[in-house]
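As structure tokens, the structure follows; a few thoughts come after it.
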Amino acid sequence: MNKRVVITGMGIWSCLGTDLETVKTSLYEGKSGIGLDCDRLTYGYRSGLTGIVESPVITKQMLDRHTRTGLSEEAQYAYMASRQALAQACMDDGYLLENEVGCIFGNDSSAKPVIEASKIMDEKHDSAMLGYGLIFQSMNSTVTMNLSTIFHLRGVNFTLSAACSSGSHSIGLGYLLIKQGLQDVILCGGAQETNYYSMATFDALGAFSVRMDAPMMASRPFDRDRDGLVPSGGAAAVVLEDYDHAVARGATILAEVVGYGFSGNGCGISQPSDVGSMIAMQRALNDAGLFCNDIDYINAHATSTRQGDMYEAVALDRLFDGGRTWISSTKSMTGHECWMAGASEIVYSILMMQNDFVAPNINFENPDEYSAKLKIATSRIDTHVNTVLSNSFGFGGTNSALVIRKIEKLKG
Amino acid sequence: MNRKEIEEKVKEFLIEELEIDEEKITADAKLKDEMGIDSLDFVDIVVIVERNFGFKIKPEEMAGVDTFSKFCDYIESKIG
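Heads up: the sequence lines are chains A and B, in that order. Everything in the first sequence is counted per the numbering used here, starting at 21 for the first residue and increasing by one. Everything in the second sequence is counted per the numbering used here, starting at 40 for the first residue and increasing by one.
Listed below in structure tokens is the structure:
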């Protein structure tokens with residue numbers, strides 16, 4: 021028999037804030053977290069635009085030297101977000117030592133330590149000069165290897181790499197494992213480095229906005245005059261838990277994960293697909309046992325690129341057929357949080373659920389012929405949000421869709 | 040660099056970079072058992088010594104180097 025899967029804790033470290041309350045306020049007020057990083061221009065980027073993410077201060081009182089030495093930038097973000105999530109779920113060290121908890125995070129690069137190691141090797145030609153930490157920072161699994169060590173996690177433990185849908189698939193996979201009864205609790209999420217080494221190859225594609233005279237207006241998903249995405253990052257974490265397990269320990273339930281859908285496009289490596297997007301969304305709805313009209317809000321993948329937004333708009337229009345569902349892309353405020361985005365957008369959506377609003381798709385001033393058919397929230401909409409569909413699509417044609425819904429507060 | 044300067048420099052990086060409590064660092068303190076330096080720390084010490092003293096530690100020369108004082112002796116012998 022399938023288990024129900026709920027979220028009992030969440031944490032966020034993003035350009036919209038580094039705690040849930042601040043991020044909620046940013047979403048509510050439609051505040052952008054995007055700025056200009058002149059170091060990127062000096063380094064040779066075409067665009068210096070990026071989400072401005074605060075660097076975590078991790079003291080020796082929080083983690084010992086060995087552990088801190090092995091933490092990559094994205095693992096630091098993930099550690100800070102996970103602390104929040106586990107605290108909200110009331111899972112302290114004692115709980116984690118006594119109970120099996122799994123860990124699946126989305127992450128698809130760790131460029132900075134790799135490049136730093138390469139520079140040292142080029143100069144010294146001696147691997148002994150690399151020191152102890154770089155190996156643990158430079159692997160894609162840097163996030164889960166560090167989190168599982170720090171938090172004593174002894175359940176399923178791996179990193180999921182699926183480009184810009186990594187974070188969403190991590191929650192989807194965690195959901196499946198709990199649904200099947202294989203795990204009671206899994207810490208899931210996504211992490212994304214923001215250093216200037218990490219995005220040069222992406223910048224090379226000319227995919228980034230160059231609206232550098234107005235950074236906060238640069239990310240404009242679905243808008244006719246968009247000129248590209250803005251890279252961003254940080255980390256988001258959610259504690260996924262078997263419903264009965266959560267009830268038994270008296271946990272506060274934030275939302276229920278009711279559907280996960282996935283698909284591959286099987287075509288060009290950077291080519292989005294309306295068909296592939298629709299298949300993922302439809303599978304998620306089928307899994308949830310819901311129809312389009314049951315969805316109150318769609319957190320779109322829309323990154324502010326001409327092609328990507330267009331294909332998603334076509335898919336949404338076809339699937340929802342001019343329906344009543346509100347749509348916005350929180351990437352208008354955050355930029356594209358890449359490997360983290362699918363997880364952070366679940367956190368953003370739950371904040372909207374909890375506070376009865378749909379966050380605006382800021383900078384949506386003029387629709388194009390595709391987005392004109394969608395019900396896009398150009399400003400904040402004060403409304404009950406009970407059911408959310410969250411889309412994530414990535415390079416290589418990897419698509420993920422999650423459906424979450426509000427759950428009535430437990431009595432007693 | 041004289042002996043005193045070597046000791047000061049070693050003490051400084053043990054405190055600043057390896058985060059060893061200052062009171063644990065005495066001439067006869069055992070690197071492993073009393074100061075808590077483990078094999079992973081030694082991986083970083085190789086890098087730190089190269090940066091501070093300009094030579095690369097050879098693991099085979101470290102046999103018997105088990106106290107703060109002997110470690111300073113070793114460095115002194117290499118740069119003297």
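Idealized CB from N, CA, C, for every residue including glycine.
message = By the three-class DSSP mapping on this structure, what secondary structure does L260 (chain A) have?
response = strand
Residues of chain B with CB closer than 7 Å to the CB of Y263 (chain A), please, in chain order. Within 7 Å Cβ-Cβ: nothing; Y263 (chain A) doesn't reach chain B, min ~42 Å.
Whose Cβ in chain B lies nearer than 9 Å to the Cβ of K80 (chain A)?
E58
- Query: At which residues does the beta strand (DSSP E) containing R425 (chain A) begin and terminate?
  - Reply: 418-425
- Simplified DSSP assignment, three categories, for L249 (chain A): strand
**Asked** Listed from N- to C-terminal order along the chain, which residues in the stretch 58-87 of chain B have their beta-carbon within a distance smaller than 7 Å of any beta-carbon of chain A?
**Response** E58, L79, V82, D83, V85, V86
- Query: Whose C-beta lies closer than 6 Å to the C-beta of G75 (chain B) among residues of the same chain, with five residues either side of it excluded?
  - Reply: none
Cβ of K95 (chain B) less than 9 Å from any chain A Cβ?
yes
Exercise for the section: Return no unless some Cβ of chain B is closer than 9 Å to the Cβ of M149 (chain A). Expected result: yes
Problem - Test: P89 (chain B) CB closer than 9 Å to a CB of chain A - result: Per the sequence shown, residue 89 (chain B) should be read as Glu rather than Pro. Answer yes: the Cβ-Cβ gap between E89 (chain B) and chain A drops below 9 Å somewhere.
Exercise. Is the Cβ of T162 (chain A) closer than 9 Å to any Cβ of chain B?
Worked result: no
Interface flag, H145 (chain A) vs chain B, CB-CB below 9 Å
no
### Query
Does any C-beta atom of chain B lie closer than 9 Å to the C-beta of T89 (chain A)?
yes
TODO: Give the secondary structure of G29 (chain A) by DSSP, where H, G and I count as helix, E and B as strand, and everything else as coil.
DONE: strand
- Task: Confirm, please, whether the CB-CB distance from I401 (chain A) to P380 (chain A) is below 9 Å.
- Result: yes
- [ ] Measure the CB-CB distance between M496 (chain A) and Q212 (chain A) and report whether it falls below 9 Å.
- [x] As displayed, chain A neither begins before 21 nor continues past 432, which places residue 496 (chain A) out of reach and without an answer.
Inset, instruction - May I ask you to report which of helix, strand or coil DSSP gives A95 (chain A)? - result: helix
TODO: Compute the Euclidean distance between the alpha carbons of I114 (chain B) and I45 (chain B), then round it to the nearest angstrom.
DONE: 8 Å
TODO: Might you give, ordered along the chain, the residues of its own chain that have their beta carbon closer than 6 Å to the beta carbon of C358 (chain A), omitting 5 neighbours on each side?
DONE: C184, Q212
Cβ of G153 (chain A) within 9 Å of any chain B Cβ:
yes
Self-check item: Min CB distance G432 (chain A) to chain B below 9 Å
Solution: Residue placement at G432 (chain A) is flagged as unreliable, the pLDDT there being 39, under the threshold of 50; the coordinate-derived value follows with that caveat. Output row for G432 (chain A): interface = no.
Report task. Could you list the residues in the stretch 240-251 of chain A with a C-beta less than 8 Å from some C-beta on chain B, going in chain order? Result -> none
| query | Along chain B, in chain order, which residues have C-beta atoms closer than 7 Å to that of R85 (chain A)? | reply | L57, E58
| message | Give the list of continuous beta strand (DSSP E) stretches no shorter than 3 residues that lie fully inside the stretch 23-94 of chain A. | response | 25-33, 54-56, 69-71
Exercise. Evaluate the contact criterion for the stretch 33-47 of chain A versus the stretch 247-259 of chain A: three or more CB pairs, one atom per stretch, below 8 Å.
Key: yes
Exercise. With a floor of 4 residues, list each alpha helix (DSSP H) that falls wholly inside the stretch 72-116 of chain B, ordered by position along the chain.
Key: 78-92
For I366 (chain A), does the three-state DSSP call read helix, strand or coil? helix
**Asked** What is the rounded straight-line gap between the Cα of D84 (chain A) and the Cα of S349 (chain A)?
**Response** 39 Å
Original post:
Can you pull the DSSP bridge partners for W346 (chain A)?
Top reply: A:Y317
Q302 (chain A), enclosing alpha helix (DSSP H) - first and last residue: 294-308
Using a Cβ-Cβ cut-off of 8 Å (strictly less than) and excluding sequence neighbours within five positions of C111 (chain B), which residues of its own chain qualify? R42, I45, E46, V49
Beta strand (DSSP E) segments (min. 3 residues) lying fully within the stretch 111-136 of chain A: 122-126
Decide yes or no for the touch test of the stretch 410-423 of chain A against the stretch 280-287 of chain A: beta carbon pairs closer than 8 Å, at least 3 of them. yes
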